[in-house]
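Going by our numbering, the sequence shown opens with residue 1097, and the numbers climb by one from there.
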Amino acid sequence: MKQVEETLRQEVAKLLEDGTIDVFVGHEAASLPLKTSPCFVRSPKEVDRLVWNRICTSNLATYLPQLFKRPVGLKGEWTPPKVGVVAKGCDSRSIVGLIKEKQIPRDRLFIIGIGCEGMIDRHSVGRALGVVGLADAKVDDKSVQVIGTDGREKRIDIADVLAASCRECQHREAVLSNLTIGETPSSAPEVSHYANVAEFESKSPQERWEHWVGELSRCIRCYACRQACPNCYCEECFAEETAPKWLGVTTDLSDVFVFHLGRAFHQAGRCVDCGACVAACPQGIDLRLLNQKINKDVEELFEAQVSLSLEEAEALSSFRMEDDQSFMTEP
Ligand code: SF4
Ligand code: SF4
Ligand code: SF4
């Protein structure tokens, strides 16, 4: 991974030097253990900030639409910047989706694709250590050495603390890129696609309800899940609209349900299962199950996967005469 990180820095320095890009969006070390932050590199002198490791969890596509917005109050001509970005398989699919939704222009983007072996789930590390707080952590290619806030130390295999979405991931390489670095990922999905959804579907309606009451009653409405998601780019979210007002600004279960169900429906046929929302949630709520259930339904109804290419129309923004319409006519 160190070699990939070095190559990434060299390539970004070249792109900035020769004017191919004005700014590069990557990951940098953060102040908290097992976290990286998105970073914006504008000069070849800054490329050493860039890191590439098993905690580059953020979906960097989230930060792209803002870069292409005309600065507020600017008068006269404005040319959008040329933007470089590093993309795992899931980031690249979000980029494809954002291009198709006309939020970012393909011709101003330079995408560096890196094959991905999966990212560490910080919540799982805490659970494996038996504490909530992490004082320090060091990650190498195969394991993570952690120290809890209670002083306890442990070495954990990365395979045991992989993010759930990475265990099922079928698209580990960028589906769209200008340049690819690193090697083809060696690992294959560990568990069958939608394994979690199949288990959930086997439950009774009462059990499903109880599951979600249990999960969502922990939600504090901090919106970290929304902010981490590349698909949540609306300037005004329905959760904050006041005319009409769709839901109250409370943590009452009914308001929390409306927020999460509304957001989940807005993700239908768009969620790439990057897991960024799950990683961002301070309460460890399994939002993935909700999005994956809807993705599975869309996939089965329309035989379409999300954002695999620029050419193919997305399931819910296109129409075929042979599409199954029974969900409308026979509810
Ligand atoms: S979902 Fe796939 S591409 Fe994305 S971080 Fe996990 S393994 Fe990598
Ligand atoms: S809903 Fe979550 S998993 Fe889906 S694209 Fe958004 S951040 Fe990624
Ligand atoms: S990040 Fe977690 S706690 Fe915050 S609004 Fe989302 S689900 Fe709720």
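For every residue, glycine included, the Cβ atom is placed at its ideal position computed from N, Cα and C.
message: My parser needs the alpha helix (DSSP H) runs of 4 or more residues fully inside the region 1215-1285; what are they?
response: For the region 1215-1285, whole alpha helix (DSSP H) runs of length 4 or above, ordered along the chain, are 1218-1225 and 1260-1264.
message: On a Cα-Cα basis, can you pick out the residue from L1156, V1240, D1253 and E1173 that is closest to L1194?
response: Position 98 of the sequence shown, counted from the start, is the residue given in the question as residue 1194. Cα-wise, what sits closest to L1194 is L1156.
- prompt: Between T1347 and the rest of its own chain, which residues show a CB-CB distance below 7 Å, the 5 nearest in sequence each way excluded?
  reply: Translated into the one-based positions of the sequence shown, residue 1347 becomes position 251. These residues qualify, in order along the chain: C1315, I1316 and R1317.
K1184 CB to nearest heavy atom of ligand 4 below 7 Å: Absence of ligand 4 is noted for the structure shown, with ligand 1, ligand 2 and ligand 3 being the only ligands found.
- request: With a cut-off of 8 Å on the beta carbons, I'd call G1180 and I1208 a contact; round off their distance for me.
  value: By one-based count along the sequence shown, residue 1180 stands at place 84. By one-based count along the sequence shown, residue 1208 stands at place 112. With a Cβ gap of about 7 Å, G1180 and I1208 count as contacting.
message: I believe I1216 touches R1150 by the beta-carbon criterion, under 8 Å. Please report the beta-carbon distance rounded to the nearest angstrom.
response: For the purposes of this step, residue 1216 is taken as the residue at position 120 of the sequence shown. For the purposes of this step, residue 1150 is taken as the residue at position 54 of the sequence shown. Contact between I1216 and R1150 holds, with the beta-carbon distance rounding to 5 Å and staying under 8 Å.
query: Quick one, are the C-beta atoms of V1147 and A1183 less than 8 Å apart?
result: Residue 1147 sits at position 51 when you count from the first residue of the sequence shown. Residue 1183 sits at position 87 when you count from the first residue of the sequence shown. The criterion of a C-beta distance shorter than 8 Å is not satisfied by V1147 and A1183.
field: Proximity test, G1209 beta-carbon vs ligand 2 heavy atom, cut-off 7 Å
entry: One-based indexing of the sequence shown puts residue 1209 at position 113. No - ligand 2 has no heavy atom lying nearer than 7 Å to the Cβ of G1209.
- prompt: Would you call E1264 buried or exposed, if buried means 16 or more other Cβ atoms sit within 10 Å of its Cβ?
  reply: Within the sequence shown, residue 1264 is the residue found at index 168, counting from 1. Answer is buried; the Cβ neighbour count reaches 16.
- prompt: So, using beta-carbon positions, are A1409 and N1387 closer together than 8 Å?
  reply: The sequence position of residue 1409 within the sequence shown is 313, counting from 1. The sequence position of residue 1387 within the sequence shown is 291, counting from 1. Between A1409 and N1387, the gap from beta carbon to beta carbon reaches 8 Å or more.
task: Evaluate G1185 with the Cβ neighbour count: other Cβ atoms within 10 Å of its Cβ, from every protein chain shown; 16 or more gives buried, anything less gives exposed.
output: One-based indexing of the sequence shown puts residue 1185 at position 89. Taking a 10 Å sphere around the C-beta of G1185, we find 16 or more other C-beta atoms and assign the residue as buried.
query: Hey, would you say I1254 sits closer than 8 Å to S1239, going by beta carbons?
result: Within the sequence shown, the letter at position 158 stands for residue 1254. Within the sequence shown, the letter at position 143 stands for residue 1239. In this structure, S1239 lies closer than 8 Å to I1254 by Cβ.
field: Beta carbon of V1368 nearer than 8 Å to that of S1403
entry: On the sequence shown, residue 1368 is found 272 positions in, with the first residue counted as 1. On the sequence shown, residue 1403 is found 307 positions in, with the first residue counted as 1. The beta carbons of V1368 and S1403 sit closer together than 8 Å.
- request: May I have the straight-line CA-CA distance separating P1340 from Q1099, to the nearest angstrom?
  value: Taking the sequence shown and counting its residues from 1, the one referred to as residue 1340 is at position 244. Taking the sequence shown and counting its residues from 1, the one referred to as residue 1099 is at position 3. Using only the alpha carbons, I get a separation of about 53 Å.
message: Taking the beta carbon of T1158 as the centre, do at least 16 other beta carbons fall within 10 Å, making it buried, or is it exposed?
response: Along the sequence shown, read from residue 1 onward, the residue named residue 1158 stands at position 62. By the neighbour-count criterion, in which a residue is buried when 16 or more other Cβ atoms sit within 10 angstroms of its Cβ, T1158 is buried.
message: Taking the beta carbon of R1248 as the centre, do at least 16 other beta carbons fall within 10 Å, making it buried, or is it exposed?
response: Sequence index remark: in the sequence shown, residue 1248 carries index 152 (1-based). It counts as exposed.
- request: Tell me, to the nearest whole angstrom, how far the beta carbon of P1177 is from that of V1119; I am working on the premise that it is less than 8 Å.
  value: As a working note, residue 1177 is residue 81 in the sequence shown. As a working note, residue 1119 is residue 23 in the sequence shown. Yes, they are in contact, since the Cβ atoms of P1177 and V1119 sit about 6 Å apart, within 8 Å.
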